[in-house]
Amino acid sequence: MASAVRRRRAEEKFRIHEDVPSTEDTQVNDESMADEQEEYEDDEEDHHGEGDDQQSEASEGSADEAVDTNVQIDMEKLQDSFPGFRHKYRLIKRIGEGTFSTVYKAEDLQYDHYDNTWDVEKENEKWSTPPLTFPPTSFRTMEEAAVEQGRRRALRAEHQRRRKPKFVAIKKIYVTSSPHRILNELELLHDLRNCPSVCPLITAFRSTDQVIAILPYFRHADFREYYRNMSPTDTAIYLRSLFTALSAVHAQGILHRDIKPTNFLYDPPTRRGVLVDFGLAEREGVDSKPCLCHDDPSVRKTRLRNALHNSAAPKAGYPKNDTRPSRRANRAGTRGFRAPEVLFKCTEQTTKIDIWSVGVILLTIMSRRFPFFNSADDVEAMIEIATIFGQKRMRAAGQLHGCMFETNIPTIGAAGFSLERIILWSTCRVETGERLSDDERVALDFLNRCLELDPSRRISADEALDHEFLRMGMDVHESMELGEEDEMDILKV
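The sequence shown: position 385 = 385 (UniProt numbering), numbered continuously.
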């Protein structure tokens, strides 16, 4: 199975810090004079070209004054739950809340103590060699050396106070989550630490039954604020970043299971995106059982024909006394973004369920409607999909997983509607007779590849990166790099 093939190496076993209460106060380590030079340069940059960014971060940093009282109480409880927490982080505000966790924005007071290769902004900062440090014997007296040392310490303290703050996201995982779920998420984040466009795990702490994960804080915008104004090129760049992350995740045999706009933090000005929240993620093949969708088509048709022959004509509604054995499968995900095989309770789900979710995001952008699907349960979700694809295709999709799809809802036609017609209708172009542009037609072809009801025919993340649509808007340098990689692959073969 895929899980056995991609088993993690023993020497890379993930461990969680366990904080033990201590009465010792945390002391700030002495820094080299390089920090002084760095802080001077940070201050210079703040006054030359980064004023807007600094102002926004300063306003965010002062946002704790307007924090809700209940949130402030929760933040105080969190800080008191972990010994030494206040010496490491300063909570600012709550930035997210879900079923299994709450996420806070915090200032990292010990930023230099960790591996910060994830910090893309750090690469753009100016660095220089530290000034020479003189031993005490270079001064005429030891008193002069002590005075100089004190002056340098005071200068470092002042620069530290004025230094541009570094932020992290602190994810507090609820105690109601099972220990297996918590460990699984942390292990997956640890395994994906070097993957592009994937949020890495900085560290994690446990105190009694409380667990927190320290993650990078990435500047991003609300999807609802920019998706209506995205051009086909903007959309291609957005999805290329998302598929870059999915390609790395799927290469390790991991299903994210919760792809949606709020789990892909995208910053339109920099055109950078990061995939987050692996709380529902799992390795491919875990707890899976064989499903008809992976059988040979001839075998599947034979089994379905026998099943139909031995069963009575299906009737609308639910059986009053259903004696059939229950079918169990993982149906985790966010409503409106779950693939049809998840709704049909496929027992052998693959990474293709994430591709469907990306297709829903693309449909949302092209139709300018969010959320596009808004069902309350699995039945409504299936009806929404059937309204678009029609009874005939939904019936075939159900048979892939050994299910029968029957409905007497008059609004669900036999053939359904094309995605092009839905996009034209939702953008009010049917009445005017306006057609899709050439770029939109390329995007439409890509959309059809993502929203394929048959998971075996659905495009993969690697195939998506090679599609014409995702190559749209690439600069010359990036295109040349991809061309060189393709040439090297051919030479290797």
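The beta carbon of each residue, even a glycine, is placed where N, CA and C say it ideally should be.
Let me check understanding here. Comparing Cα to Cα, which of Ser81, Arg457 and Leu362 lies closest to Leu239? It is Leu362.
What three-state label does DSSP hand Phe446 in the structure shown? If DSSP states are grouped into helix, strand and coil, Phe446 belongs with the helices.
Return the residue from the list Gly333, Phe469, Glu76 and Asp322 that minimises the CA-CA distance to Asn448. The option with the nearest alpha carbon to Asn448 is Phe469.
Mapping DSSP to helix, strand and coil, what is Ile412? Coil, per DSSP.
Alpha carbon to alpha carbon, how far is residue 498 from Gln149? With the chain running from 1 to 493 in the structure shown, residue 498 is simply not present.
Tell me, which residues are paired with Gln210 by DSSP? The partner list for Gln210 (beta bridge, DSSP) reads Ser207.
Residue range of the alpha helix (DSSP H) that Val168 falls in? Element bounds for Val168: not the alpha helix (DSSP H) but the beta strand (DSSP E), Phe167 to Ile173.
Which class does Lys105 belong to by DSSP, given the choice of helix, strand or coil? If DSSP states are grouped into helix, strand and coil, Lys105 belongs with the strands.
Given a cut-off of 7 Å, decide if Ile214 and Ile170 are closer than it, judged by their beta-carbon atoms. Taking 7 Å as the Cβ cut-off, Ile170 and Ile214 qualify as a contacting pair.
Just curious, the beta strand (DSSP E) that Tyr89 is in, first and last residue? Where Tyr89 is concerned, the enclosing beta strand (DSSP E) stretches over Tyr89 to Glu97.
What whole-angstrom Cβ distance do Met472 and Pro165 have, given they're in contact under 8 Å? Contact annotation, Met472 with Pro165: C-beta distance approximately 37 Å; criterion of less than 8 Å not satisfied.
At least 3 beta-carbon pairs within less than 8 Å: the segment 413–425 vs the segment 388–404: Contact holds between the segment 413–425 and the segment 388–404, because three or more Cβ pairs, one in each stretch, are under 8 Å apart.
Extent of the continuous alpha helix (DSSP H) to which Arg272 belongs: Where Arg272 is concerned, there is no enclosing alpha helix (DSSP H), although the beta strand (DSSP E) it sits in stretches over Arg272 to Leu275.
From Arg369 to Ile423, what distance separates their C-alpha atoms? So the two alpha carbons sit approximately 10 Å from each other.
Leaving aside the five residues before and after Ala245 along the sequence, list all residues of the same chain whose C-beta is less than 6 Å from its C-beta, in chain order. Answer for Ala245: Ser197, Val198 and Leu275, listed in chain order.
Residues in the same chain with beta-carbon distance under 7 Å from Pro261, minus the five sequence neighbours each way, listed in chain order, please. Closer than 7 Å at the Cβ level, and outside the excluded window around Pro261, lie Phe223 and Ile361.
Inter-residue spacing [alpha-carbon to alpha-carbon] between Ser241 and Ser207: The straight-line gap separating the alpha-carbon atoms of Ser241 and Ser207 is approximately 36 Å.
How would you call Lys88, buried or exposed, if buried means at least 16 neighbouring beta carbons within 10 angstroms? Buried, since its Cβ has 16 or more Cβ neighbours within 10 Å.
Check for me: the beta strand (DSSP E) holding Phe264 runs from which residue to which? Segment Phe264 to Asp267, the beta strand (DSSP E) holding Phe264.
Could you spell out where the alpha helix (DSSP H) holding Met394 opens and where it closes? Counting along the chain, the alpha helix (DSSP H) containing Met394 begins and ends at Asp378 to Leu400.
Three-state class that DSSP yields for Pro319 in the structure shown: Assigned with DSSP and collapsed to three states, Pro319 falls in coil, not helix or strand.
Kindly indicate the opening and closing residues of the alpha helix (DSSP H) around residue 495. The structure shown has nothing for residue 495, since the chain only spans 1 to 493.
Three-pair Cβ contact test at 8 Å for the segment 90–103 versus the segment 172–185: Proximity of the segment 90–103 to the segment 172–185 meets the contact definition, three or more beta-carbon pairs being nearer than 8 Å.
For a test of the three-state rule: what should DSSP assign to Ile365, helix, strand or coil? Helix.
Do Ala281 and Leu188 have their C-beta atoms closer together than 7 Å? In this structure, Leu188 lies closer than 7 Å to Ala281 by Cβ.
Along the chain, where does the alpha helix (DSSP H) containing residue 494 start, and where does it finish? Outside the shown range of the chain, which is 1 to 493, sits residue 494, and nothing can be said about it.
What residue from Leu192, Ala376, Gly359 and Met366 has the CA that sits closest to Ile459's CA? When C-alpha distances from Ile459 are compared across Leu192, Ala376, Gly359 and Met366, the shortest belongs to Gly359.
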